[in-house]
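Before any comments, here is the structure.
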Amino acid sequence: MNKIVIIALCLLSMAVYGQGFHQNLVEAAIERTHHLVRYDGAYRSIAYPGGDVPADIGVCTDVVIRSYRALGVDLQVLVHEDMKAHFDAYPSNRIWGLTKTDRNIDHRRVPNLQTFLTRHGESLPISQSADDYLPGDLVTWMLPGNLPHIGIVTDQRSASSGRPLIVHNIGAGPQLEDILFSYSITGHYRFEPADE
């Protein structure tokens, strides 16, 4: 392989992984806001690997799952394999009374994603400074009624508050909104898959 091809491959790799990975994740998340998605978290059997609920339905976790999948990262597989190997590390038994993994739904549950992100990504400090939340970071909240929620921090900022806008689905399909401090933050993460 000649030197120019090697340099080009290195640059391409840096664009997808490294610093470029999080920008690509932001772009994939923003692209999700162009899809009409009805909020529906009903249990469904889906394929494995690469399984997804129908494209016109989804919940907050599906925004994250689909954004990562656009970059070739299958959270369904990653979460399932980690849960199979370390089931007791996950809250599935404590919260839902489960005794084994379920590859149809495990990756679509915010508490499971929080555990996975803590185990395989960076668990970052929760702060009240908007500047601490970088493009591509994942944030979890607890909504009224004890409902966990997750979204992706973007590189776009609110004209009025200066806060980074978040791509999330809280019921009206994927939206780009200024909600970073609208609810109680329960987690702040950064996840980039390990270079294979």
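According to the working numbering, the sequence shown holds residues 1362 to 1557 in order.
Glycine is no exception: its CB is placed at the ideal position from the N, C-alpha and C atoms.
Asked                                                                                                                         : Found
For residue 1386 and residue 1398, the rounded distance between their alpha carbons                                           : 19 Å
Per DSSP, cross-strand counterpart(s) of residue 1392                                                                         : None; residue 1392 has no bridge partner.
Reference residue 1522, options 1451, 1486, 1490, 1444, closest by Cα                                                         : 1490
Bridge partner(s) assigned by DSSP for residue 1485                                                                           : Answer is none; residue 1485 lacks a bridge partner.
Cβ-based burial, residue 1507 [other Cβ within 10 Å; buried from 16]                                                          : exposed
Sequence-distant residues of the same chain with beta carbon closer than 6 Å to residue 1453, five excluded per side          : 1459
Unbroken alpha helix (DSSP H) run spanning residue 1468, endpoints                                                            : Element bounds for residue 1468: n/a, residue is neither H nor E.
From 1418, 1514, 1403, 1436, residue whose alpha carbon lies closest to that of residue 1524                                  : 1514
The ligand FAD heavy atom lying under 8 Å from the CB of residue 1398                                                         : The ligand FAD is not part of this structure, which contains no ligands at all.
Own chain partners of residue 1402 with C-beta closer than 7 Å, once the 5 adjacent residues on each side are dropped         : 1420
Neighbourhood of residue 1493 by C-beta distance below 8 Å, restricted to the same chain and skipping five residues each side : 1485, 1486, 1549
Distance CB(residue 1554)-CB(residue 1434) smaller than 9 Å                                                                   : yes
Any C-beta of chain B under 9 Å from that of residue 1486                                                                     : Included in the structure is just one protein chain, with no chain B present.
Extent of the continuous alpha helix (DSSP H) run through residue 1518                                                        : That residue, residue 1518, is in no alpha helix (DSSP H); its beta strand (DSSP E) goes 1508–1518.
Inter-residue spacing [alpha-carbon to alpha-carbon] between residue 1496 and residue 1552                                    : 12 Å
Buried versus exposed, by CB contacts within 10 Å (16 or more), residue 1468                                                  : buried
Under the three-state DSSP convention, the category residue 1549 falls into                                                   : strand
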